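Notes follow once the structure below has been shown.
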Amino acid sequence: MPDQLRCDLLLTNTRYLAPDMTIVSGKSIALKDGRIWDIVDQDACPYQGDTVLSGPDLLWMPGLVDGHLHTSQQLLRGRLLDEKPVIWKRVNVPFESRLDQESSRLSALLAAMEMISCGTTGFVDAGGKYPEVYAEVYQAAGLRGRLSVMTNDNPFCPESLRAPSVPAAVERLRAMKGALTGLLKPIYSVTTPTAVSEELLRAVFQAAEEDGVPVETHMNEYASEVTDFIERYGKRPFVWLEDEGLLNAPMTAPHCIFLSQEEIEIMARRRVRVAHCPFSNCGKGVPPTPQLLHAGVPVGLGTDGSAHGGLDLFREMRLFRGVLNVTQGVGTADSSVMPAETLLAMATQGGAEALMEPDLGVLRKGALADLIALDTGVSHLWPTQNLVHSLVESASGADVRHSIVNGKLLMRDRELLTIDAGQVRREAERLFEKQPWLQSWK
Ligand SMILES: [Zn+2]
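Sequential numbering of the sequence shown, starting at 212, is according to the working numbering.
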């Protein structure tokens, strides 16, 4: 066997979701050196794989990317539903401030397990206290992602999370950047523009530009935050950032619910990457997504972390379709205001944008080999007259059979290969005995 015909993984006797959102059959996909090496006719496939995955009921597609999650809130699952706003100040930040390295490591392990199990292969974390601890876990798990430090200098912020000074905050971000390797890359962040000092906001955005690192911050998430911002700075958030010359670094902007037309135009011009978080946003408002897409703004999806209903992006797609249809589709009798193909593109290609990985989010020759396979033979997906529609209407993360990141199998037949799930469970139970507050945070 000539070396060029050997591949690490061969996917055969199967179908895949093509970049134009059609289903292609009769091909074999060869993965090698972390990339999609070749896609050839199945009947004339010259490749031999070290590992072969096959199955006529499987549908291969790009792995989903969570454009916004909070690793540090993984242990808050179940705590936030029906909680009054504004949740993050009253509950999330005080909770995060008490986490130590051990509980942070457990958070990352549980988040990694949940992501791999539901078809998420990449993520953008919003920033935590111990990104180096997260990095160690995510690297061993094999996931691709961007990590940050939670940066906040507001007096309301508990001392263990508060930046002691603006230079110290920037230094901390740079130290984190220096510690990340492999599939994990940095993103600089501030919690939210209205929660930090103007000096910190400017310093983080300027450091991102100087260091060639992308930047993120919760943007236009609550109507009250936009009016607070206007009261303080005299302009809407994106307009001020643009006028102050702070939008030069690539930016991922979670939420983006309350936007003016002027802001949408700035975002399109500056290629600001949006990460809507549909379930989390249901307590806040509905974003103008068709208008953002029409203007050419890259839009992805995020979960806002496990505490907002879990990390399953299939659920986020389905929910978002319902929300957009009720708010924008019904009144105009336009039932395709948020088509299935657009939602799938958001969770894959839009997520790759949020992650700033141009070779990701599509299943084509040469792209990075971050792929998942769904079992479409299950009773809620077969038979169907339109599998692309059914992926959005009926599929869930539990239908994902295999998960591959950078050409490496992370889950096979729903068995996690890089994390010992039983061991994590035992470690969690031991930690909950030692720190019972982790399960009953008031
Ligand atoms: Zn968030």
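For glycine and all other residues, C-beta sits at the position ideal for the given N, C-alpha and C. Note that the coordinates shown come from a computational prediction; the quantities given were computed from them, not determined experimentally.
Three-way DSSP call (helix, strand, coil) for residue i in this model
i: Asp277; result: strand
i: His600; result: helix
i: Met622; result: strand
i: Tyr345; result: helix
i: Ala241; result: strand
i: Val251; result: strand
i: Val401; result: coil
i: Asp648; result: According to the sequence as given, residue 648 is Trp; it is not Asp. Helix at Trp648.
i: Asp610; result: helix
Proximity test, residue i beta-carbon vs ligand 1 heavy atom, cut-off 7 Å
i: Asp336; result: no
i: Asp179; result: Because residue 179 is not part of the residues shown, which for the chain are 212 to 653, the question remains open.
i: Pro404; result: no
i: His613; result: no
i: His487; result: no
i: His505; result: no
i: Pro465; result: yes
i: Asp515; result: yes
i: His279; result: yes
i: His429; result: yes
Pick from the options that is closest to residue i, judged by C-alpha positions
i: Gly561; options: Met528, Lys340, Lys619 and Glu325; result: Met528
i: Asn492; options: Thr500, His466, Arg481 and Glu474; result: His466
i: Pro489; options: Arg480, Arg481, Gly516 and Thr463; result: Gly516
i: Leu592; options: Leu391, Ile583, Leu582 and Ser605; result: Ser605
i: Ile583; options: Arg612, Ala556 and Gln596; result: Arg612
i: Leu221; options: Ile234, Pro230 and Gly245; result: Gly245
i: Arg226; options: Met272, Pro569 and Ala558; result: Met272
i: Glu348; options: His487, Gly393 and Pro647; result: Per the sequence presented here, residue 348 reads as Val, with Glu not at that position. Residue Gly393 is the option with its Cα nearest to Val348.
i: Phe334; options: Ala322, Glu343, Val344 and Tyr341; result: Ala322
i: Val508; options: Val485, Ser328 and Arg637; result: Val485
i: Leu228; options: Leu216, Leu275 and Asp214; result: Leu275
i: Leu524; options: Thr402, Lys495, Met557 and Trp299; result: Met557
i: Glu681; options: Lys495, Cys329 and Arg447; result: The chain is shown only over 212 to 653; residue 681 falls outside these bounds and no answer can be derived.
i: Leu395; options: Ala419, Asp336, Asn363 and Arg301; result: Asp336
i: Arg532; options: Leu522, His519, Gly520 and Val548; result: Val548
i: Arg625; options: Gly330, Gly618 and Arg301; result: Gly330
Cutoff 8 Å: residue i Cβ touching any chain C Cβ
i: His429; result: The question asks about chain C, but that chain is absent: this structure has only one protein chain.
Tell me whether the stretch 250 to 257 and the stretch 273 to 293 touch, counting them as touching only if at least three CB pairs, one residue from each stretch, are closer than 8 Å. no
Runs of alpha helix (DSSP H) lying entirely within the stretch 416 to 497, each at least 4 residues, in chain order: 434 to 444, 448 to 454, 472 to 480 and 489 to 492
Does the pairing of the stretch 583 to 591 with the stretch 537 to 554 give three or more beta-carbon distances under 8 Å? no
Just to confirm the assignment: which complete alpha helix (DSSP H) runs, minimum length 4, are found wholly within the stretch 562 to 589? 562 to 566
Unbroken beta strand (DSSP E) runs of length 3 or more, entirely within the stretch 329 to 393: which are they? 331 to 336 and 355 to 358
For the stretch 499 to 515 and the stretch 454 to 461, state whether three or more C-beta atom pairs, one from each stretch, are separated by less than 8 Å. At 8 Å Cβ cutoff, the stretches do not touch.
Okay, do the stretch 344 to 358 and the stretch 292 to 310 touch, 3+ Cβ pairs below 8 Å being the bar? In short, these stretches do not touch, since the Cβ pair count stays below three.
Minimum length 4: unbroken alpha helix (DSSP H) runs contained in the stretch 509 to 566: For the stretch 509 to 566, whole alpha helix (DSSP H) runs of length 4 or above, ordered along the chain, are 524 to 535, 551 to 556 and 562 to 566.
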